[in-house]
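Let me begin by presenting the structure, written as structure tokens, before commenting on it.
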Amino acid sequence: MADGSSVPAFRRGVKFRFDTVRGAWVLLAPEKLFMPDEIAVEILKLVDGARTIDAIVEDLAARFDAPRDEIAADVVAALEDLSTRGAVAL
Amino acid sequence: MSIPPPMGLIAELTHRCPLQCAYCSNPLQMDAPKSELSTADWLRVLDEAAAIGVLQVHFSGGEPMARRDLPQLVGHANKAGLYTNIITSGVLLTDEAMATLLDAGIDHIQLSFQDSTAEGGDRIGGYRGGHAKKLEAARRIREAGLPLTANFVIHRQNIERVEDMIALGETLGAERMEIAHTQYYGWALLNRNALLPSRDQLDFVNGVVDAARRRLQGRIAIDYVVPDYYAARPKACMGGWGNRFINISPSGKALPCHAAETLPGFTFASVRDWTLAEIWTGSDAFARFRGTDWMPETCRSCDRREIDWGGCRCQALAIAGDAALTDPACYRSPDHHLMDEAIAAAADHSALDLVPRRLQQAAHD
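Same order as they appear, the protein sequences are chains V and C. Residues -18 to 71, numbered by our numbering, are exactly what the first sequence covers, in order. Residues 9 to 373, numbered by our numbering, are exactly what the second sequence covers, in order.
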């Protein structure tokens, strides 16, 4: 389980980039490909292997008009899902 | 209706391979070395792929490392923004080859294993010392700092060692494992009676994989799919026909799936004559089974029609005799009983002799 002090990072071989053909962010991984939704894109833009989950939540809470707890739940759920699927290490 | 861009390009660079696995997914009639696309052709195809929205390129074969220009193609794809993946047996992955591919910007390597043991692996691959070379290849991949997918192909002749295979994958430091039931196309279909596992074997491997997935969760992802013959529902073959992938054969034919050349009544456009954009949006072959309009009533009335996409066209042809039918892997297919009959036929078949994959023999047929 991830907690606030966990530092998410993309696993080896994972690339997060903007695709100009689709006009969308894509997450490219070994033999896998994810099309993250708008919320996940904002989270993944802050994944740099240095920020903690708490820091990511703080950043998003300062920019988006939503309760901090709700944002925290979204962040943990999105990152745990990508961890299970092998794209992110927590 | 606008056609969404393809996600992946499967570049079958060559049908040449040092191994002779009797379950190879290549067609029985393989492309001769002299018919292979040139380096310049492939460079152009990679540019065209990136331009129409392909995100990942999977260099495959045969053995893709049998092409000397592989590092050049990887480098070119990388510069075009494509995620590069090599699907290899690993027996040609020397220190020098690894260094060259790393320089070219390779993103990921999938390494296939035929068994957990040298004896079993070398027998299936028909290549003495092959298994040992694969272990070395795995070490080189990890030392290069690349992610490793270890792919274990299982069938009735090695399935009892599946726990050892998973343990080997852990020891090698794989990030992902594929416990891949043989897919019964091409050479595997020819050898099906000697490869198809029994129900008991299947139950055993299902249990082993379940336990391993729980134990390794968050560390090593295990991809595993029950083989079609024991499934209640078909797999979404290629993620839907003409929906996600373009497969280019060694001689340059653009195929909706790697086995599509078995389908009668098709003319597959060559990348020598047409651009990928023209082939993807304008060719009859890619349009034929795209979407849901082509479907028989069994599929059309099913709420999973855009999940399964009717399953596999090549299997519908091979088992039920018509590529436009519902995949007989589906329990709703009127031909579903043919899958049970194939299981029974394999169970009655005690001989384990295999017809090894051979390029020359097939080319002369």
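For every residue, glycine included, the Cβ atom is placed at its ideal position computed from N, Cα and C.
Discussion item. Quick check: what's the CA-CA separation for Asp335/C versus Ala30/C?
Written reply: For Asp335/C and Ala30/C, the distance between alpha carbons rounds to 24 Å.
Discussion item. Here's the rule: buried if 16 or more other CB atoms are within 10 angstroms of the residue's CB, otherwise exposed. What is Glu305/C?
Written reply: With fewer than 16 Cβ atoms within 10 Å of its Cβ, Glu305/C is classed as exposed.
Worksheet item: To which residues of the same chain is Thr157/C closer than 6 Å at the C-beta, ignoring the five residues directly before and after it?
Response: Counting only residues of its own chain and dropping the five nearest sequence neighbours on each side, Thr157/C has a CB closer than 6 Å to the CB of Gln118, Arg184.
Discussion item. According to DSSP, is Lys87/C part of a helix, a strand, or is it coil?
Written reply: Note: Lys87/C maps to helix in three-state DSSP.
Worksheet entry | C-beta neighbour in chain V for Asn93/C, strict 8 Å | True, the Cβ-Cβ gap to chain V drops below 8 Å.
Fill in: Simplified DSSP state of Gln209/C, which is helix, strand or coil
Judged by DSSP in its simplified three-state form, Gln209/C adopts helix.
Worksheet item: Can you give the beta carbon distance from Ile95/C to His66/C, rounded, assuming they're within the 8 Å contact cut?
Response: Confirmed, Cβ separation roughly 6 Å.
Worksheet entry | Where Glu186/C sits in the DSSP three-state scheme | DSSP places Glu186/C in strand when its eight states are reduced to three.
Fill in: Test item: CB-CB of Met89/C and Pro14/C under 8 Å
The identity of residue 89/C in the sequence shown is Gly, whereas the question assumes Met. At a Cβ-Cβ threshold of 8 Å, Gly89/C and Pro14/C do not count as neighbours.
Worksheet entry | Where Ile127/C sits in the DSSP three-state scheme | The residue asked about is misnamed: residue 127/C is Glu in this sequence, not Ile. Glu127/C falls in the helix class under three-state DSSP.
Practice prompt. Indicate whether the contact test is met: 3 or more Cβ pairs, each with one atom in the segment 308 to 322 of chain C and one in the segment 238 to 247 of chain C, closer than 8 Å.
Written response: Three or more beta-carbon pairs separated by less than 8 Å link the segment 308 to 322 of chain C to the segment 238 to 247 of chain C, which places the two stretches in contact.
Item to complete: Work out the CA separation of Ser206/C and Ser97/C for me, nearest whole Å.
Response: Taking C-alpha positions only, Ser97/C is separated from Ser206/C by approximately 27 Å.
Worksheet entry | Continuous alpha helix (DSSP H) stretch holding Trp195/C: start and end | It spans 194 to 198 - the alpha helix (DSSP H) in which Trp195/C sits, taken as one unbroken run.
Worksheet item: Which residue's Cα is closest to the Cα of Glu269/C: Cys25/C, Pro26/C, Leu21/C, Ser33/C?
Response: Ranking the options by Cα distance to Glu269/C, first place goes to Ser33/C.
Practice prompt. Could you check the C-alpha separation between Glu49/V and Trp6/V for me, to the nearest Å?
Written response: One detail in the question is off: residue 49/V reads as Arg in this sequence, not Glu. Those two C-alpha atoms are separated by around 25 Å.
Worksheet entry | Gly177/C, enclosing alpha helix (DSSP H) - first and last residue | Unbroken alpha helix (DSSP H) run through Gly177/C: 170 to 180.
Worksheet entry | Residues from the segment 54 to 65 of chain V in contact with chain C, defined by Cβ distance under 8 Å | Within the segment 54 to 65 of chain V, those residues whose Cβ lies closer than 8 Å to any Cβ of chain C are, in chain order, Ser64, Thr65.
Worksheet item: What are the start and end residues of the alpha helix (DSSP H) that includes Ile37/V?
Response: Unbroken alpha helix (DSSP H) run through Ile37/V: 34 to 44.
Worksheet item: Any C-beta of chain V sitting closer than 8 Å to the C-beta of Ala219/C?
Response: Interface criterion not met: the Cβ of Ala219/C is under 8 Å from no Cβ in chain V.
Item to complete: Could you check if Leu45/C is buried or exposed, using at least 16 other CB atoms within 10 Å of its CB as the buried criterion?
Response: Taking all protein chains in view, the Cβ of Leu45/C is crowded by 16 or more other Cβ atoms within 10 Å, so the residue is classified as buried.
Worksheet item: If the cut is a Cβ gap below 8 Å, which residues of chain V does Met15/C touch?
Response: Near Met15/C (Cβ distances below 8 Å), the residues of chain V are Leu14.
Worksheet item: Using a Cβ-Cβ cut-off of 7 Å (strictly less than) and excluding sequence neighbours within five positions of Glu56/C, which residues of its own chain qualify?
Response: Answer for Glu56/C: Thr283, Leu284, Ala285, listed in chain order.
Fill in: Proximal residues of chain V, C-beta to C-beta of Gln118/C below 7 Å
Listed along chain V, the residues sitting closer than 7 Å to Gln118/C by beta-carbon distance are Glu12.
Worksheet entry | Residues that Val38/V contacts on chain C, provided the C-beta gap is smaller than 8 Å | Under a criterion of Cβ atoms nearer than 8 Å, no residue of chain C is adjacent to Val38/V; the nearest Cβ is some 21 Å distant.
Practice prompt. Check whether the Cβ atoms of Val27/C and Leu78/C lie closer than 8 Å to each other.
Written response: The sequence given here places Leu at residue 27/C; Val does not occur at that position. Cβ distance not < 8 Å, so Leu27/C and Leu78/C don't count as in contact.
Item to complete: Quick one: using the 10 Å Cβ neighbour count with 16 as the cut-off for buried, is Tyr339/C buried or exposed?
Response: Label assigned to Tyr339/C: exposed.
Worksheet item: Closer than 9 Å, Cβ to any Cβ of chain V: which residues of the segment 150 to 178 of chain C, in chain order?
Response: Along the segment 150 to 178 of chain C, the positions whose C-beta sits under 9 Å from a C-beta of chain V are Gly153, Leu154, Pro155, Leu156, Thr157, read in chain order.
Worksheet item: Which residues in the same chain as Gly70/C place their Cβ atom closer than 6 Å to its Cβ, once the five residues preceding and following it in sequence are excluded?
Response: Residues Thr22, His23, Arg24, Cys25 of the same chain have their beta carbon placed closer than 6 Å to that of Gly70/C, with the five preceding and five following residues left out of the count.
Worksheet item: Closer than 8 Å, CB to CB, is Ala229/C near chain V or not?
Response: Judged by the 8 Å Cβ criterion, Ala229/C is in contact with chain V.
Worksheet entry | Test item: CB-CB of Pro17/V and Leu27/V under 8 Å | Not a contact, by the Cβ cut-off of 8 Å.
Worksheet item: Which bits of chain V does Gly61/C rub up against, with CB to CB less than 8 Å?
Response: Within 8 Å Cβ-Cβ: Asp0, Val2, Arg3.
Practice prompt. Quick one: grab the DSSP three-state call for Asp301/C.
Written response: Coil, per DSSP.
Worksheet item: In three-state DSSP terms, what is Asp231/C?
Response: In the structure shown, Asp231/C falls within a strand segment according to DSSP collapsed to helix, strand and coil.
Practice prompt. Return the first residue and the last residue of the beta strand (DSSP E) that Glu20/C is part of.
Written response: Glu20/C -> beta strand (DSSP E) spans 16 to 20.
Worksheet item: Can you find a CB in chain V that lies within less than 8 Å of the CB of Trp314/C?
Response: According to the sequence displayed, residue 314/C carries Glu and not Trp. So no, Glu314/C is outside the interface.
Worksheet item: Listed in chain order, which residues of the segment 315 to 348 of chain C have Cβ atoms closer than 8 Å to some Cβ of chain V?
Response: Flagged: no residues at all.
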